[in-house]
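Engineer:
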Amino acid sequence: MATKKNFGKTTTDNPALAFLGNLEEKKENGTVTKEDTNNIDYEKKIQELERKLAETQTAAETKSERVQLLVYPSVLKGLDDIAKKETKSRNEIANRIFKKYIDEYNG
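In numbering that gives the first Met the number 0, the protein residues as written are 0 to 106.
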């Protein structure tokens with residue numbers, strides 16, 4: 000016979016706190032304060048990640064144009080082999096090739 004599962008209070012009352020780290024809640028004078036036992040400043044980490052994300056978004060050009068190309072099967076196989084070796088997508092490899100060709104042509 001199956002045992003009854005207990006969904007009551009466990010060692011971690013709040014799963015979010017378990018995810019964020021070892022945070023303990025202390026009740027003092029009716030207010031709840033949180034003490035970080037790992038001494039990690041999450042606000043600074045979040046601000047740093049947001050700054051890096053903003054830099055990445057402004058520096059990167061978006062790939063918003065679609066093109067259909069008719070290529071030889073051997074070319075496509077070679078492109079797929081390169082993409083697999085470099086663990087990149089076929090699209091990323093093609094963009095690199097086009098960019099390199101344009102840079103060499105212009106400069």
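Glycine included, C-beta positions come from ideal geometry on N, C-alpha and C. The structure presented is a predicted model; accordingly, all values stated were derived computationally and were not measured.
1) Secondary structure at residue 122, three-state DSSP: helix, strand or coil?
2) For residue 88, which residues of its own chain have a beta-carbon under 8 Å away from its beta-carbon, when the five flanking residues on both sides are left out?
3) Taking 7 Å as the cut-off, decide whether the C-beta atoms of residue 92 and residue 78 are in contact.
4) Can you tell me which of the three DSSP states residue 55 falls into?
5) Just the C-alpha distance for residue 54 and residue 60, rounded to the nearest angstrom, thanks.
6) What residue does the alpha helix (DSSP H) around residue 1 start on, and which one ends it?
7) With respect to the alpha helix (DSSP H) encompassing residue 79, which residues constitute its N-terminal and C-terminal limits?
Structural biologist: In terms of the structure at hand:
1) Only positions 0 to 106 of the chain appear in this structure, which leaves residue 122 out of reach.
2) Here the question's residue 88 lines up with position 89 in the sequence shown. Taken in chain order, the residues that qualify are 82.
3) Residue numbering aside, residue 92 sits at position 93 when the sequence shown is read from its first letter. Residue numbering aside, residue 78 sits at position 79 when the sequence shown is read from its first letter. The beta carbons of residue 92 and residue 78 sit closer together than 7 Å.
4) Here residue 55 refers to the residue found at position 56 when the sequence shown is read from its first residue. The three-state secondary structure of residue 55, taken from DSSP, is helix.
5) In the sequence shown, the residue the question calls residue 54 occupies position 55. In the sequence shown, the residue the question calls residue 60 occupies position 61. C-alpha separation (whole angstroms): 12 Å.
6) Against the sequence shown, residue 1 aligns to sequence position 2. From DSSP, residue 1 is part of no alpha helix (DSSP H); its letter is neither H nor E.
7) As a working mapping, residue 79 is identified with position 80 in the sequence shown. That run of the alpha helix (DSSP H) goes 72-84.
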